[in-house]
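One structure is given below, encoded as structure tokens.
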Amino acid sequence: MARRPGAPAAYGEEFTFVSPLVKYLLFFFNMLFWVISMVMVAVGVYARLMKHAAALACLAVDPAILLIVVGVLMFLLTFCGCIGSLRENICLLQTFSLCLTIVFLLQLAAGILGFVFSDKARGKVSEIINNAIVHYRDDLDLQNLIDFGQKKFSCCGGNSYKDWSQNMYFNCSEDNPSRERCSVPYSCCLPTPNQAVINTMCGQGMQALDYLEASKVIYTNGCIDKLVNWIHSNLFLLGGVALGLAIPQLVGILLSQILVNQIKDQIKLQLYNQQHRADPWY
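Each residue of the sequence shown is one higher than the one before, starting from 176 at the first, in the numbering used here.
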């Protein structure tokens with residue numbers, strides 16, 4: 176039976192459980208990271224296209240590839256959050272919440288496992304650094320990253336400066352025709368006060384010298400020990416960074432779950448209204 180003209184609106188026809196604040200806060204939250212993800216992908220693609228074909232030999236440590244992969248995953252994830260919140264789509268919102276929860280748990284598990292199995296984590300870091308040394312000349316971005324790290328931590332190589340012999344250009348073998356044979360990159364050299372022009376050949380022949388002689392010209396300690404010491408002395412800083420990464424994820428999970436529950440309540444209300452429209456006393 177239809178409602179009489181002039182009768183008051185049925186309960187729920189204008190009322191909604193969905194909070195506009197939660198809905199649009201979640202939308203703009205995802206929109207911000209959606210834009211960031213597109214910028215990451217664009218920068219990664221540009222960096223990838225500007226490289227030579229030889230750089231393809233080291234995809235595992237390629238910052239451009241890493242940037243593209245992370246950007247694409249973030250793009251897909253935030254796309255679900257944006258469209259799901261705007262269209263009040265439960266499926267997209269639950270996908271967004273589930274994926275964000277999985278990412279958060281993986282990060283938490285990686286942190287715990289890295290702390291518990293610190294020796295194995297150190298071995299993995301050593302493997303990555305040695306792989307990067309091997310491909311030092313293959314990728315300009317990787318080269319700049321290694322040079323920055325060696326200057327930042329005042330170190331050279333993985334365990335010592337002689338690790339650079341793993342690179343085909345710096346190898347100390349007699350049959351190596353490279354002019355950089357038995358050398359190390361300039362970023363291993365001790366800083367020279369008031370130096371106007373960087374001497375890129377300062378590491379020439381350093382691997383042929385013993386530890387004491389080489390230490391007068393270059394850093395002889397490896398970067399792995401320096402990195403471990405830096406981590407131990409900056410635990411509060413790293414904890415703050417980890418917390419800064421975790422808070423947006425937890426906020427996204429919380430907002431999406433609140434919105435999903437509100438949408439479900441609204442659906443129940445609409446079904447209730449439809450079932451009682453035939454009631455003459457409704």
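Glycine residues also receive a C-beta, built at the ideal position from the N, C-alpha and C atoms. Source: prediction; values computed, not measured.
Item	Value
I'd like to confirm the pairing. Which residues does DSSP put opposite C364 in its beta bridges?	I393
Going along the chain, which residues of its own chain have a beta-carbon closer than 7 angstroms to the beta-carbon of N319, five neighbours each way excluded?	none
Using a Cβ-Cβ cut-off of 6 angstroms (strictly less than) and excluding sequence neighbours within five positions of Y447, which residues of its own chain qualify?	none
Quick check on Y199: buried or exposed, where buried means 16 or more other Cβ atoms within 10 Å of its Cβ?	exposed
Taking the straight line between their C-alpha atoms, what separation do you get for A296 and D313?	26 angstroms
Given this structure, state the Cα-to-Cα distance separating Y221 from T253, to the nearest angstrom.	22 angstroms
In angstroms, rounded to a whole number, what distance separates the CA positions of Q269 and H451?	30 angstroms
Inspect the CB distances between the segment 412 to 424 and the segment 278 to 287 and report whether three or more fall short of 8 angstroms.	yes
Using only the alpha-carbon positions, how far apart do L369 and P352 sit?	The sequence given here places Asn at residue 369; Leu does not occur at that position. One C-alpha to the other measures close to 34 angstroms.
Hey, would you say L430 sits closer than 8 angstroms to V210, going by beta carbons?	no
So for S348, helix, strand or coil by DSSP?	coil
Cutting at 7 angstroms between CB atoms, please list the residues of its own chain near G324, excluding the five before and the five after it.	C398
When the Cα atoms are used, what is the spatial distance from I373 to C364?	10 angstroms
For a test of the three-state rule: what should DSSP assign to S194, helix, strand or coil?	coil
Taking R262 as part of the alpha helix (DSSP H), name the residues at either end of that continuous run.	238 to 262
Taking the continuous alpha helix (DSSP H) assigned at K337, which residues delimit it?	Segment: none, K337 is in no alpha helix (DSSP H) and carries neither H nor E.
In terms of residue numbering, what span does the alpha helix (DSSP H) encompassing S408 cover?	398 to 408
In three-state DSSP terms, what is V359?	coil
Specify whether the segment 331 to 348 and the segment 301 to 316 touch according to this definition: at least 3 beta carbon pairs, one from each stretch, less than 8 angstroms apart.	yes
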